[in-house]
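*Asks:* Chains as they are written, first to last, in the numbering used here: chain G, 1 to 347; chain E, 348 to 694; chain Z, 695 to 1041; chain L, 1042 to 1388.
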């Protein structure tokens, strides 16, 4: 297999005018066209476009609100048509630099009023924290600003934003998650998983960005440990099979997502999707699958801070018996990733 | 220490008229009075009062809706006053029988309309599933009703309902969670943890029930693998220190809860509580603690089915440094539990 | 009919210890027992128990949070049993004094974070406004505190809190609305209307309070123009007919209510109740009634500030054709009210 | 003034391929460019593009879901720039035909589960109702399908969908409301009012559609009495003054809107906007304005069925004293409308 691995190395130009980057899903011309099965070896800016670099950089001062969360892409996937599913396997996700950044942003986050949960109260303090990323020891080093408290947290790199062009001709900000993926901000989106996205337009128009060195579940203050990412991924197609809401598969879990408000509706989406998926995989009736999922699902929050909130539901594959998920796409992509790594001397 | 362990063996009378049990938090006379530090060695009925025993027993036929989720208690804790915190350490939680039961209930659960998320659609099918509890191999054996699908799931016993009398003279159904605890339905409430509850009335009036052999996060269909439980727990007091919303401590995590609707508000409660708790423990300022919690919290859903929904936030103790939680109550209760087990030949 | 009008003049003792008043629905012994059809000629304290009397009285200083929103009652209605409906007709609702009071309360209200919509922001300013009630010209006179702005608003007296003992043995704070009525805070509850409440316990245990000289829809800051009220009402029973959620009938409208969170769920309750009620009254199928209600309902918000939010749905009787509502109870109570007024020289 | 009234008569081509119409706000080339102050004399298709014409036409059969709710426009307003406000005054809104149509749509509406409030229940019955529009007597004649029940309801024509291109480069479906306006579905949008919309892109790109012969507040089943509309409106600009969320002004009220989920957040937006607007108009401090709005606002629901829910807050101008709203734009547009009517012999 390794002989014929197609590789695409299209990458953002770090010196380009940031206004030329993609800040939406949909509404963008593709940067390059790739065949299904291609390995994309690229990178992404952090959500601030690299402009917040020290604790004295306030994001609302140094960033233009129209140009937040730049995406790498969109990639046109040849042969992708509405009704297909795009599979995206993350081979590796590694911080490009040895620092990450987080901030509080006025009227943004879960524990403040916002533009939609609107109150008459003043904003919380705006502040920037710089984290040291220890790529050797796989640690994210936190230091409090007001006291001497420090902590070394596990490095767990992931992409907050992964998606395709939406349906109905919509163009959505890269700050928003929905059924096209987008800014789901779930720590499940780490290296080794495969993400399944519905194809809504010809070529799918896949983009990704918003790398996090780590985040808590919920991304409570609205900003994770943000960093530019070197990312290798493989794209492929499952023809003729739609995927109504984004799904993720890891070696151990099948995972569904739902993104809307209120949060219980995001929960309902993720869990109805899981009930139907488990029913399809195991042959159980819907009501049996509802019972089974009720006793087996893990349900971590993804985010409660974006313009839609995202919930995740996970069921361990070991409970499902001997099932074939998505035409065995994840296993095949795992194999291709291994081949590519071997071929390229990458770990 | 083992010399003077007080033990209370008050337990429900399995032959009593079930209408004499406690179905509320508050509004009940205590069954017994115990000193702080007492080991309570008791048991609880399942949520159906033992009336749903086979797949042909429909809960809406065999149960009186006024008598669901009977609680063991209330226990009067001597010296407990408003402004104190009650600590409840679960020494062991073990199914009394080798079977558990789950059901779907018309217009109850997360993936159906309900009495409050009210629609004009018909109810889902009512059905009962009986699970085999393999206490030796620590497995919960599921069998689908409509197909031959089966699964062996890990046994993970817990109590869905743990609480005290509410404030403001309120009396709340044992089906409801809130700041008094109650029907929180989180799988975190397993043996080995300590639960902290605010004392709202003299004597606290602690009760527990709703044993689950296991449940998924969210308890999606509204009913876990319900079973009667043999439960040993220790009660103690932290005088002069209130706990606005129930908290849990395990060997590895500090855990906060929030119970309300919509689900994002339950999230907000759990996370503001966690921000303040971490700030108190580590000395960090509120805004630093907000940042720290945003990168470290695990946030599994507890339930999205009860009259209030419950969210949980967890932070690993290892990230907090060398801190003393709740006057070291958990460690002391752990030690007492070990002493009691040694004294009584219990594992 | 006028010969045999029973009248009950039980009233609160203005000099009593306020802690002896009723602050809950349920959990209270009745103050008096009355026959169905009795005219109750009484009065109620304002929600602060009369303790906030000037712009320098801050409610959080002068009130004990355990003793807010005192209710007049409960009245035991002879013959009321679970499964019946209690009808309460408001003959007159008149301010007892020529002043009313409103306040902002820290972390209470729709445009601030609260104990359940919890954020890390500081509270809004606490302030008290005193309104002049011009009972002659039927005006409520407002004066801004920080500028010279004034306004004369229509007097529109109503009761924010009207209810009975809840089901399931629950006891609920008078600050909360639900299916037992309680703190619904809808301006529809004015003189001339009949309120229908489900009987959950023997005797119903009816109470009322929380007079408002007027309020906006939503009661946005959480506090209306609060005042003590002289209130005359008639209670009666519709035997053998339950009313799942409180309903109101005026000369021109039938009105349903729903109280829960999120607000769309309160809307769903009020509207499913209206669809079923219109279907019952007009003989339309459920789906036709759904269509009809969709084109005819008026849907003002009641409150978005209490521990549950309340929505109202109204349909004009003139659109329903010649229907008999609730056994013609409203018309009969209207007639009795007229007879009582004639007999007593009251307008 | 009448001498120089500019008139634009651009109108949809009823014979055009419906896929060429505008189904989004943003993402469309303008159909025509007009000067501020221009009278636009045009019409709009009904939300089904005229395809549902009898009770045997089911919308899900005869309509393509990608082509629902066609908009008339977009109109490019010369000189409109981000930071300005577009004023749209509705001179007249009159049904083009003597029939209207409503339907139930599977998994759409407030009293059914939907794609986002997702359950496992089956859909409600799909059905179509045809209404007779009696333009002489100003009545909308309803006939139930399953019984002989009929009702004659007041004709109250309005536009459900009025908006401009969104900010952040987004393109939004005409089925969605938000801060750009869009599918707000409030009955307040009738002839005689002026709607204020923020200009987000050069030329504003204003469109309108979704005529309703009448609707209930909430548009509960998701579909009003839909009809094609002959509509005359005037567009104008308020330079250098943004309007964060759509506002409406009638002769008697100032009105704010908020569109999001959950519904209490839509309420919060509408009411914070109203507090700030009243503060600006009357000079009151924010906290005084909060108090004043709390006692004066009317708060009817607009819709609880679209992808965002919309709330409205209204305050009567008579309570505000002698204030000048939006540079007196509404009064000036009223005068121009009168002049145009006189000039054109229109009533």
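Using N, Cα and C, we set each Cβ at its ideal position, and we do this for glycine too. Values in this document were obtained by computation on a predicted structure and should not be read as measured data.
Going along the chain, which unbroken runs of the alpha helix (DSSP H) with 4 or more residues stay wholly within the stretch 707-794 of chain Z?
*Replies:* Fully enclosed alpha helix (DSSP H) runs of 4 or longer: 753-756.
*Asks:* What residues in its chain sit with their C-beta under 6 Å from that of residue 921(Z), if we drop five residues either side in the sequence?
*Replies:* Locating residue 921(Z) in the third chain gives position 227, counting from the first residue. Excluding residues within five positions, the ones whose Cβ falls inside 6 Å are 740, 789, 794, 905, 907.
*Asks:* Among 780(Z), 719(Z), 973(Z), which residue has its Cα nearest to the Cα of residue 772(Z)?
*Replies:* For the purposes of this step, residue 772(Z) is taken as residue 78 along the third chain, with counting starting at 1. Nearest of 780(Z), 719(Z), 973(Z) to residue 772(Z), Cα basis: 780(Z).
*Asks:* Taking 8 Å as the CB-CB cut-off, is residue 453(E) touching chain L?
*Replies:* In the second chain, counting from the first residue as 1, residue 453(E) sits at position 106. No - not a single Cβ of chain L is within 8 Å of the one on residue 453(E).
*Asks:* Rank 1164(L), 1112(L), 1161(L), 1298(L) by C-alpha distance to the C-alpha of residue 1246(L) and give the top, closest one.
*Replies:* Within the fourth chain, numbered from 1, the residue matching residue 1246(L) stands at position 205. That would be 1112(L), whose Cα lies nearest to the Cα of residue 1246(L).
*Asks:* If you measure between the beta carbons of residue 1305(L) and residue 1234(L), is that distance less than 8 Å?
*Replies:* Against the fourth chain, residue 1305(L) aligns to sequence position 264. Against the fourth chain, residue 1234(L) aligns to sequence position 193. Not in contact: residue 1305(L) and residue 1234(L) (Cβ atoms no closer than 8 Å).
*Asks:* Using 10 angstroms around the beta-carbon of residue 346(G), count the other beta-carbons present and answer buried if the total reaches 16, otherwise exposed.
*Replies:* For the purposes of this step, residue 346(G) is taken as residue 346 along the first chain, with counting starting at 1. Under this definition residue 346(G) is an exposed residue.
*Asks:* Which first and last residues belong to the alpha helix (DSSP H) in which residue 943(Z) is found?
*Replies:* Residue 943(Z) sits at position 249 when you count from the first residue of the third chain. Not the alpha helix (DSSP H): residue 943(Z) falls in the beta strand (DSSP E), residues 941-943.
*Asks:* Using a C-beta cutoff of 8 Å, does residue 219(G) count as contacting chain E?
*Replies:* To locate residue 219(G), count along the first chain from 1; it is residue 219. Closer than 8 Å: yes.
*Asks:* By a C-beta neighbour count over all protein chains shown, 10 Å radius and 16 as the cutoff for buried, is residue 1176(L) buried or exposed?
*Replies:* Looking up residue 1176(L) in the fourth chain gives position 135. Exposed, since its Cβ has fewer than 16 Cβ neighbours within 10 Å.
*Asks:* If I follow the unbroken beta strand (DSSP E) through residue 958(Z), where does it start and stop?
*Replies:* Here residue 958(Z) is taken as the residue at index 264 of the third chain, counted from 1. Taken as a continuous stretch (DSSP letters only), residue 958(Z) belongs to no beta strand (DSSP E), being part of the alpha helix (DSSP H) at 957-976.
*Asks:* Do you know how far the Cα of residue 390(E) is from the Cα of residue 704(Z)?
*Replies:* Indexing the third chain from 1 puts residue 704(Z) at position 10. Indexing the second chain from 1 puts residue 390(E) at position 43. Taking the straight line from one Cα to the other gives about 48 Å.
*Asks:* Would residue 1066(L) and residue 1090(L) qualify as a contact pair, given that the criterion is a beta-carbon distance under 8 Å?
*Replies:* Translated into the one-based positions of the fourth chain, residue 1066(L) becomes position 25. Translated into the one-based positions of the fourth chain, residue 1090(L) becomes position 49. No; because the gap between Cβ atoms is not below 8 Å, this pair is not in contact.
*Asks:* Between the C-alpha atoms of residue 698(Z) and residue 1038(Z), what's the straight-line distance to the nearest angstrom?
*Replies:* Start at 1 with the first residue of the third chain, and residue 698(Z) comes out as number 4. Start at 1 with the first residue of the third chain, and residue 1038(Z) comes out as number 344. Straight-line Cα distance between these residues: approximately 13 Å.
*Asks:* Please identify, using Cβ separations under 8 Å, the residues of the stretch 713-743 of chain Z that lie next to chain E, in order along the chain.
*Replies:* Hits within the stretch, in order: 717, 718, 720, 721.
*Asks:* Give the interface partners of residue 1255(L) over in chain Z, defined as CB-CB distance under 9 Å, in chain order.
*Replies:* Stepping through the fourth chain from its first residue, residue 1255(L) is reached at position 214. The answer, in chain order, is 989, 990.
*Asks:* Would you call the stretch 323-332 of chain G and the stretch 671-681 of chain E touching, i.e. three or more CB-CB distances under 8 Å?
*Replies:* Taking 8 Å as the limit for Cβ pairs, the verdict is that the stretch 671-681 of chain E does not touch the stretch 323-332 of chain G.
*Asks:* Tell me whether the beta-carbon of residue 1300(L) lies closer than 8 Å to the beta-carbon of residue 1219(L).
*Replies:* Translated into the one-based positions of the fourth chain, residue 1300(L) becomes position 259. Translated into the one-based positions of the fourth chain, residue 1219(L) becomes position 178. Yes, the Cβ-Cβ distance between residue 1300(L) and residue 1219(L) is below 8 Å.
*Asks:* Residue 1003(Z) bridges to which residues according to DSSP?
*Replies:* Counted from its first residue, the third chain places residue 1003(Z) at position 309. Residue 1003(Z) pairs with 954(Z).
*Asks:* Give me the chain L residues within the contact set of residue 970(Z), using Cβ-Cβ distance strictly less than 8 Å, ordered along the chain.
*Replies:* As a first step, residue 970(Z) must be located in the third chain, where it is residue number 276. Ordered by position in chain L, no residue passes the 8 Å Cβ test against residue 970(Z), which lies about 10 Å from the chain.
*Asks:* Determine the chain L residues that contact residue 261(G) at a beta-carbon separation under 8 Å, and present them in chain order.
*Replies:* Translated into the one-based positions of the first chain, residue 261(G) becomes position 261. Within chain L, the residues near residue 261(G) are 1301, 1302, 1303, 1306.
*Asks:* For chain L, check one thing: does any of its Cβ atoms lie closer than 8 Å to the Cβ of residue 460(E)?
*Replies:* Along the second chain, read from residue 1 onward, the residue named residue 460(E) stands at position 113. Yes, its Cβ sits closer than 8 Å to a Cβ of chain L.
*Asks:* Can you pull out the residues from the stretch 481-498 of chain E whose beta carbon lies closer than 9 Å to at least one beta carbon of chain L?
*Replies:* Residues passing the 9 Å Cβ filter: none.
*Asks:* Does the ligand FMN have a heavy atom nearer than 7 Å to the CB of residue 545(E)?
*Replies:* You won't find the ligand FMN in this model; it holds no ligand whatsoever.
*Asks:* According to DSSP, is residue 1148(L) helix, strand or coil?
*Replies:* Residue mapping note: residue 1148(L) aligns to position 107 of the fourth chain, counting from 1. The answer is coil: DSSP assigns residue 1148(L) none of H, G, I, E or B.
*Asks:* In the DSSP output, what is residue 984(Z) paired with across the bridge?
*Replies:* Within the third chain, numbered from 1, the residue matching residue 984(Z) stands at position 290. In DSSP, residue 984(Z) forms no bridge with anything.
*Asks:* Here's a check: name, in chain order, each residue in its chain whose Cβ is nearer than 6 Å to the Cβ of residue 891(Z), leaving out the five neighbours to either side.
*Replies:* Here residue 891(Z) corresponds to residue number 197 of the third chain, with the count starting at 1. Excluding residues within five positions, the ones whose Cβ falls inside 6 Å are 780, 858, 875, 940.
*Asks:* Establish whether the CB of residue 478(E) and some CB of chain Z are separated by less than 8 Å.
*Replies:* Here residue 478(E) is taken as the residue at index 131 of the second chain, counted from 1. For residue 478(E), the answer is no, since every Cβ of chain Z falls outside 8 Å of its Cβ.
*Asks:* Taking the C-alpha atoms as reference points, what is the distance between residue 266(G) and residue 303(G)?
*Replies:* As a first step, residue 266(G) must be located in the first chain, where it is residue number 266. As a first step, residue 303(G) must be located in the first chain, where it is residue number 303. Their backbone Cα atoms lie some 10 Å apart in a straight line.
*Asks:* Would you check if the stretch 1318-1332 of chain L and the stretch 825-845 of chain Z touch, i.e. whether three or more CB-CB distances between them fall below 8 Å?
*Replies:* At 8 Å Cβ cutoff, the stretches touch.
*Asks:* Which one or two residues does DSSP pair with residue 204(G) in a beta bridge?
*Replies:* On the first chain, residue 204(G) is found 204 positions in, with the first residue counted as 1. Residue 204(G) is not bridged to any residue.
*Asks:* Within the continuous alpha helix (DSSP H) that includes residue 1381(L), where are the two ends?
*Replies:* As a first step, residue 1381(L) must be located in the fourth chain, where it is residue number 340. Segment 1370-1385, the alpha helix (DSSP H) holding residue 1381(L).
*Asks:* Go ahead and pull the three-state DSSP assignment for residue 531(E).
*Replies:* Position 184 of the second chain, counting from 1, holds the residue named residue 531(E). In this structure, residue 531(E) counts as coil in the three-state DSSP scheme.
*Asks:* In chain order, what residues of the same chain lie with their CB nearer than 7 Å to the CB of residue 1342(L), ignoring the 5 residues before and after it?
*Replies:* Within the fourth chain, numbered from 1, the residue matching residue 1342(L) stands at position 301. Result list for residue 1342(L): 1258, 1259, 1352, in chain order.
*Asks:* Do you know offhand how far residue 1261(L)'s Cα is from residue 981(Z)'s?
*Replies:* Within the fourth chain, numbered from 1, the residue matching residue 1261(L) stands at position 220. Within the third chain, numbered from 1, the residue matching residue 981(Z) stands at position 287. Distance between the alpha carbons of residue 1261(L) and residue 981(Z) is about 12 Å.
*Asks:* Does the CB of residue 1107(L) have a neighbour CB from chain G at under 8 Å?
*Replies:* Here the question's residue 1107(L) lines up with position 66 in the fourth chain. Chain G, which has a Cβ nearer than 8 Å to the Cβ of residue 1107(L), makes this yes.
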